[in-house]
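In what follows, a structure is listed as structure tokens, so that the remarks can point back to it.
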Amino acid sequence: MHQTFDAALGINLLHANQAGADHNREHFDEWGITCFNVMSSPGAGKTALLEKTLAVLTNEYKIAVIEGDMTTELDADRLRKYNVPVIAINTGRSCHLDSKMVSGGIHRLAHEYNPSEFDLVLVENVGNLVCPAEFEVGEHAKVALLSLTEGEDKPLKYPVMFQEADCLLITKMDLAPHLDVDVNQIVANVRQMNSHVTIIPVSAKTGEGLETWFDWVRSQLDRSSTTKHQLSTVH
Ligand SMILES: Nc1nc2c(ncn2[C@@H]2O[C@H](COP(=O)(O)OP(=O)(O)OP(=O)(O)O)[C@@H](O)[C@H]2O)c(=O)[nH]1
Ligand SMILES: [Mg+2]
Ligand SMILES: [Zn+2]
Ligand SMILES: [Zn+2]
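Residue numbers in the sequence shown follow the UniProt record's numbering, run continuously in steps of one, and reach 235 at the last position.
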């Protein structure tokens, strides 16, 4: 975790971040957009999951991506193949996206498109199992990935990500026969940190579990459109 109080600036960094996150959330709500913050260690399969997700769900929803990487547009270019707006944010030396960076991204989206046409914004965070979970960006749900190769103990050693997640995908399930890894133990360790998180084992390679993941995404969008409808009938 980062030091969250900057003595030189005299401000609480997490507090300042929260104000930016609230601003982003207000925009998402005003535009009727649901936003997910997708987080994991480097290489757990975030971009692979987003590729599979865009291939199917762009038939049902209008989706945009905010792609956070320290350098390069490699992931952004992978996702542009699905004909969705992909806003690349290079974080430079920062190992997570903060709300100000995402704010820049969504204002660009609003400048180039009519943002009210979008249903879903997927934010791929910088690969890092620690601080992305601390810095809210205005998302409605946090989606964390843990790949089978990372080990059963990670939910215990890096608790914040697992405590904060609304949905936890156990990725690369196709590798299970090749590894000495106990998936039930991973699930038990995640549950110890977070009793209510939705846990979905998936493989972007074989497609295992992806329908369950798509259904979870659909359930989040259904819920937000119900809320939107209720709000609009109140006013
Ligand atoms: N066997 C297997 N490999 C996978 C799967 N998903 C992703 N990979 C591989 O894992 C590597 C990393 O995948 P990415 O999708 O780039 O991971 P990422 O989390 O986006 O990585 P960063 O953005 O760098 O943090 C690639 O070589 C993928 O082909 C899967 O379900 N099964
Ligand atoms: Mg990636
Ligand atoms: Zn604004
Ligand atoms: Zn960081």
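For glycine and all other residues, C-beta sits at the position ideal for the given N, C-alpha and C. Because the structure is a prediction, the values reported are computed rather than measured.
Quiz item: Taking the alpha helix (DSSP H) that residue 193 falls in, what are its first and last residues?
Solution: 183-193 is the extent of the alpha helix (DSSP H) around residue 193.
Quiz item: In angstroms, rounded to a whole number, what distance separates the CA positions of residue 52 and residue 76?
Solution: Cα to Cα, residue 52 sits roughly 14 Å from residue 76.
Exercise. Just mark residue 114 as buried or exposed, buried being the case when its beta carbon has 16 or more other beta carbons within 10 Å.
Key: It counts as exposed.
Exercise. Whole angstroms is fine: what's the gap from residue 219's alpha carbon to residue 166's?
Key: Whole-angstrom Cα-Cα distance: 13 Å.
Quiz item: Taking one C-beta from the stretch 38-53 and one from the stretch 73-93 each time, how about it: are there three or more such pairs within less than 8 Å?
Solution: Counting Cβ pairs under 8 Å, three or more are found: they touch.
Quiz item: What are the boundary residues of the beta strand (DSSP E) that includes residue 144?
Solution: Boundaries of the beta strand (DSSP E) harbouring residue 144: 141-147, taken from the DSSP string.
Practice problem: Within the stretch 72-129, note down every full alpha helix (DSSP H) run reaching 4 residues or more, in order along the chain. | Solution: Every alpha helix (DSSP H) of 4 residues or more that sits fully in the stretch 72-129 is shown, in chain order, as 74-80 and 99-112.
Quiz item: Is any heavy atom of ligand 2 found at a distance shorter than 6 Å from the C-beta of residue 172?
Solution: Checking every heavy atom of ligand 2 against the Cβ of residue 172, none is found closer than 6 Å.
Practice problem: Could you have a look at residue 64 and say whether DSSP puts it in helix, strand or coil? | Solution: Strand at residue 64.
Practice problem: For residue 35, I'd like the list of residues in its chain whose CB is within less than 7 Å of its CB, leaving aside the five on either flank, ordered along the chain. | Solution: Listed in chain order, the non-local C-beta contacts of residue 35 below 7 Å within the same chain comprise 28, 121, 123, 138, 139 and 140, local neighbours out to five positions each way being set aside.
Practice problem: Run the proximity test for residue 94: is its beta-carbon closer than 6 Å to any non-hydrogen atom belonging to ligand 1? | Solution: Distances taken from the Cβ of residue 94 to the heavy atoms of ligand 1 include none shorter than 6 Å.
Practice problem: Taking residue 92 as the reference, give the member of 101, 71 and 85 with the closest Cα. | Solution: The option with the nearest alpha carbon to residue 92 is 71.
Quiz item: DSSP on residue 231, reduced to helix/strand/coil?
Solution: With a pLDDT of 47 at residue 231, under the threshold of 50, the predicted position of this residue should be treated as unreliable, though the coordinate-derived value follows. The DSSP-derived three-state label of residue 231 is helix.
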